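Below: one structure, written as structure tokens.
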Amino acid sequence: LNRGFSNGVLVSGVAGFIGANLTRELLSQGRYVVGVDNFSRGTKENLSWTESYGDQFVLLTGDVSDSENLGSLLDIAGIAQKSLLEVIHLAANSDIAAGVSDPRIDLKDTLLTTFSLLEFCKRSGIRRFSFASSSAVYGDHGETRINETTAPLFPTSNYGAMKLASEAIISAACESFLDVGYIFRFPNVVGTPATHGVIFDLVNKLKSNPGPLEVLGDGAQQKSYLHVSDLVDAILYIKSVETAGRVVFNIGPVDEGLTVREIAEIVIQVVSPSREICFTGGDRGWLGDIPRFFYSVDKLSSIGWVPVMGSRESVRRAAVEVAGQLCCA
Ligand SMILES: NC(=O)c1ccc[n+]([C@@H]2O[C@H](COP(=O)([O-])OP(=O)(O)OC[C@H]3O[C@@H](n4cnc5c(N)ncnc54)[C@H](O)[C@@H]3O)[C@@H](O)[C@H]2O)c1
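Residue numbering for the sequence shown follows the working numbering, starting at 4 and increasing by one per position.
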């Protein structure tokens, strides 16, 4: 059933926010995409536009934390494993707070999904693996600008810990059965179809509550934000330039980011201009949050990639898009 396609890519977490955007770009470049998702967070609606691609896109419903299950899903769908050249692994628990209260969520959806997809690659002879890692692997480094060699790596959330453990098993796989293991450390990514994140939460709060906008923490937390269109472009650029070994990159804007207060002000301006803000207080939005985060993307700049938008423009554009998605623009 590979219908003559030989340039296949298996995308896990395909129905999520980043999965839907990356898949759109892969399909437009003529790639054959087999997407898999258990729809714990992503939706079929996020992929409704794939119909126009016909046989070039196959959607499988299932859990990827068990490689036997994944193998059966492909067998049942009649997908020839030789049609798949690579795996892009985006499935994970993206709700950091949920993993703080129940660490097993991150164990299963973040670490075991990575383990089982690597097992699947080994068994199927797939030698290229890309992983959606996170700035959360670094932990709290205060005012230091964090680059790919910053150490020690002591994550402050279980989410970050399971991302770091995933990186470690990909590293080991590069020593044996993978030709290339891409570890992309994403910053905060914004845009639509949003499934979670600060802009999504703030727009939802404004929509459902007529009072002042409640913002977690003191509003001073500062991080960098990248629009999903830039993120997808960076991933595909790195994959085209670097082709072997362990390939580790911070991906992000070339600026020091925005504070949560600035984000709230932008969202209010877009959605409900007269609204006031009230802060819950404290220097962290939630357990495991990091108050200030300075991310170096010098390595990415050095191979010739720069984003179209900075943090402010990304957030502004995403606020308009998310407001449109949640029908309150
Ligand atoms: N969005 C961000 O700001 C950001 C930042 C850093 C890293 N990341 C990483 O990028 C990846 C994609 O993030 P996103 O924002 O699109 O999140 P998302 O929650 O929208 O997408 C993840 C998808 O994975 C699916 N999934 C989860 N567990 C699964 C399982 N066991 N089997 C099959 N499918 C499963 C979910 O249903 C969802 O559709 C994740 O790995 C996330 O940790 C995202």
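C-beta atoms are modelled at their ideal positions from N, C-alpha and C, and glycine is treated no differently. None of these values were measured; they are calculated from a predicted model.
Proximity test, residue i beta-carbon vs ligand 1 heavy atom, cut-off 8 Å
i, result
"V67", "yes"
"D40", "yes"
"L329", "no"
"P190", "yes"
"D292", "no"
"K242", "no"
"L87", "no"
"H199", "yes"
"I82", "no"
"F20", "yes"
"G16", "yes"
Cβ pair residue i, residue j closer than 9 Å
i, j, result
"N133", "H92", "Per the sequence shown, the amino acid found at residue 133 is Ser instead of Asn. Going by C-beta atoms, S133 is nearer than 9 Å to H92."
"V231", "V192", "yes"
"D69", "A95", "no"
"R130", "E89", "yes"
"Y162", "A135", "no"
"V183", "T283", "no"
"R27", "W52", "yes"
Any C-beta of chain D under 9 Å from that of residue i
i, result
"W52", "Chain labels in this structure do not include chain D; a single protein chain is all it has."
Bounding residues of the alpha helix (DSSP H) (the contiguous stretch that carries residue i)
i, result
"A154", "Element bounds for A154: n/a, residue is neither H nor E."
"F123", "116 to 127"
"R287", "Element bounds for R287: n/a, residue is neither H nor E."
"A101", "99 to 104"
"S317", "314 to 328"
"I202", "201 to 211"
Cross-strand partners of residue i (DSSP beta bridge)
i, result
"Y298", "I149"
"I280", "L216"
"H230", "V193"
"Q225", "T262, R295"
"N253", "R188"
"M176", "A quick correction: the sequence has Ala, not Met, at residue 176. DSSP output for A176 lists no bridge partner at all."
"G142", "For G142, which the question treats as bridged, DSSP gives no partner whatsoever."
"S304", "Beta-bridge pairing links S304 to no other residue."
"S136", "R188"
"L163", "One detail in the question is off: residue 163 reads as Gly in this sequence, not Leu. DSSP lists no partner for G163."
First and last residue of the uninterrupted beta strand (DSSP E) at residue i
i, result
"V274", "Element bounds for V274: not the beta strand (DSSP E) but the alpha helix (DSSP H), 263 to 274."
"E89", "87 to 92"
Completely contained beta strand (DSSP E) runs for the segment 14 to 67, where each covers 3 or more residues
Contiguous beta strand (DSSP E) elements confined to the segment 14 to 67 occur at 35 to 40, 60 to 64, taking only those with 3 or more residues.
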